[in-house]
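Below you'll find the structure, written out as structure tokens, and then a few comments.
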Amino acid sequence: MNLSNPDFNMAQFQRQESLPGLGLSLGRIKPELYKQRSVDGDEVRRNNSCGRLHFILKYDCDLEQLIVKIHRAQDLPAKDFSGTSDPYVKIYLLPDRKTKHQTKVHRKTLNPVFDEVFLFPVGYGELATRKLHFSVYDFDRFSRHDIIGQVVVDNFLELNDFPRETRLCRDIQYVTSDNVDLGDLMFSLCYLPTAGRLTITMIKAQNLKAMDITGASDPYVKVSLMCEGRRLKKRKTSTKRNTLNPVYNEAIVFDVPPENINQISLLIAVMDYDRVGHNEVIGVCRVGSEAPSQGRDHWGEMLMYPRKPIAHWHPLIEWVGQGTTSGSQGRSCNSLKPPLSP
Ligand SMILES: [Ca+2]
Ligand SMILES: [Ca+2]
Numbered sequence: 000m001n002l003s004n005p006d007f008n009m010a011q012f013q014r015q016e017s018l019p020g021l022g023l024s025l026g027r028i029k030p031e032l033y034k035q036r037s038v039d040g041d042e043v044r045r046n047n048s049c050g051r052l053h054f055i056l057k058y059d060c061d062l063e064q065l066i067v068k069i070h071r072a073q074d075l076p077a078k079d080f081s082g083t084s085d086p087y088v089k090i091y092l093l094p095d096r097k098t099k100h101q102t103k104v105h106r107k108t109l110n111p112v113f114d115e116v117f118l119f120p121v122g123y124g125e126l127a128t129r130k131l132h133f134s135v136y137d138f139d140r141f142s143r144h145d146i147i148g149q150v151v152v153d154n155f156l157e158l159n160d161f162p163r164e165t166r167l168c169r170d171i172q173y174v175t176s177d178n179v180d181l182g183d184l185m186f187s188l189c190y191l192p193t194a195g196r197l198t199i200t201m202i203k204a205q206n207l208k209a210m211d212i213t214g215a216s217d218p219y220v221k222v223s224l225m226c227e228g229r230r231l232k233k234r235k236t237s238t239k240r241n242t243l244n245p246v247y248n249e250a251i252v253f254d255v256p257p258e259n260i261n262q263i264s265l266l267i268a269v270m271d272y273d274r275v276g277h278n279e280v281i282g283v284c285r286v287g288s289e290a291p292s293q294g295r296d297h298w299g300e301m302l303m304y305p306r307k308p309i310a311h312w313h314p315l316i317e318w319v320g321q322g323t324t325s326g327s328q329g330r331s332c333n334s335l336k337p338p339l340s341p
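Under numbering that gives the first Met the number 0, the first residue of the sequence shown is numbered 0, with each subsequent residue one higher.
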């Protein structure tokens with residue numbers, strides 16, 4: 000069975016997927032993926048993961064539509080007292096929030112097999128600015144449905160095989176609310192190993208959540224250099240007044256010697272400035288070797304291409320307020336002294 004056959008059409012897509020034993024064929028492709036994730040629970044927790052979502056993307060150039068097949072989820076957290084959940088998945092192709100698709104609810108399982116196909120009519124050229132947003136929920140008969148977590152896919156054109164059939168398996172990121180509306184942040188990362196210089200250039204944000212009664216926010220971005228849960232240094236951009244789509248183009252530089260680059264991460268918070276009262280967090284994202292999937296990928300790309308600024312969009316997720324300064328400094332951080340302010 001040639002899974003990357005470019006002539007693969009919609010009918011085959013569905014037929015092939017509904018063949019008995021298909022679930023096994025996924026497993027045959029990358030069995031090591033499953034093994035690692037299900038055995039190493041610690042790793043899953045470190046990444047704030049709430050299980051994994053398996054799905055398949057394909058773009059139909061003739062019909063100009065993105066085809067999304069939600070295959071299954073695995074190792075979901077239990078949200079009900081019974082020790083299970085009743086999962087279902089909602090998907091959007093942001094920034095459009097009017098077209099929403101949803102799977103059926105699967106009762107009492109942490110490893111649901113959905114096998115449902117959804118279509119999003121969209122021009123191929125438009126895909127560069129769109130992103131798929133999956134929210135996994137636990138259905139509850141008598142109360143508000145709990146969100147289990149979310150997966151966001153952007154940069155479609157950089158996916159292997161795309162627009163041909165592309166199978167993906169992503170960590171489900173922990174969130175506490177359905178934060179489709181927090182917005183996105185674009186920044187570039189660049190590392191100069193010889194100079195030991197890490198540069199993050201804050202480019203812009205879009206569709207930020209409105210925090211003020213004016214219907215806008217006064218966003219600035221705060222970047223914290225973290226080592227094992229401890230904040231070593233923080234820097235921020237200028238504040239842009241009264242906008243949900245700020246443009247910064249401001250570089251923030253940290254001194255990080257190559258021997259420490261694998262121990263650190265960046266916690267990036269988009270904040271709303273308020274003249275009166277506390278400034279509030281709009282949303283956050285993290286990059287680093289231990290960050291959730293997208294932040295980890297961007298970090299890895301930066302290390303793979305030193306001296307080259309690499310820019311990506313990142314979805315903002317809700318700040319759940321983990322302590323950033325508590326806990327003792329790890330041994331491995333000792334050689335990374337907080338650099339002096341310039
Ligand atoms: Ca439930
Ligand atoms: Ca404000």
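Quick reminder that beta carbons are idealized off the backbone N, C-alpha and C, glycines included.
Proximity test, residue i beta-carbon vs ligand 2 heavy atom, cut-off 7 Å
i, result
"M342", "For residue 342 there is no data in the structure shown, the boundaries of the chain being 0 and 341."
"M210", "yes"
"Y123", "no"
"D114", "no"
"Y91", "no"
"D273", "yes"
"D217", "yes"
Contact test: residue i Cβ vs ligand 1 heavy atom, cutoff 7 Å
i, result
"S84", "yes"
"F138", "yes"
"K78", "yes"
Simplified DSSP assignment, three categories, for residue i
i, result
"D64", "The question names Asp, yet the displayed sequence has Gln at residue 64. Three-state DSSP puts Q64 in a strand."
"R51", "strand"
"A127", "helix"
"P94", "coil"
"E157", "helix"
"N278", "coil"
"E115", "strand"
"N259", "helix"
"A209", "coil"
"G195", "coil"
"K99", "strand"
"P308", "coil"
"D137", "strand"
"Q162", "In the sequence as displayed, the identity of residue 162 is Pro instead of Gln. It is coil, neither helix nor strand."
"H132", "strand"
"L266", "strand"
"L56", "strand"
"T200", "strand"
Segment limits, alpha helix (DSSP H) that includes residue i
i, result
"L231", "Taken as a continuous stretch (DSSP letters only), L231 belongs to no alpha helix (DSSP H), being part of the beta strand (DSSP E) at R229 to K235."
"D296", "S292 to M303"
For residue j and residue i, believed in contact at Cβ under 8 Å, the rounded distance
i, j, result
"D183", "H313", "7 Å"
"I171", "L52", "5 Å"
"L92", "F119", "4 Å"
"P86", "H105", "6 Å"
"I347", "V174", "Here the chain covers residues 0 to 341 and nothing more, so residue 347 does not appear."
"V286", "M270", "V286 to M270, Cβ: 17 Å. No contact."
"Y247", "V220", "7 Å"
Opening and closing residue of the beta strand (DSSP E) in which residue i lies
i, result
"D145", "D145 to V152"
"A250", "V246 to D254"
"L75", "First-last for L75: undefined, no H or E at that position."
"D183", "D183 to L191"
"I316", "Note, I316: premise wrong, no beta strand (DSSP E); not H, not E."
"K221", "P218 to C226"
"D170", "T165 to Q172"
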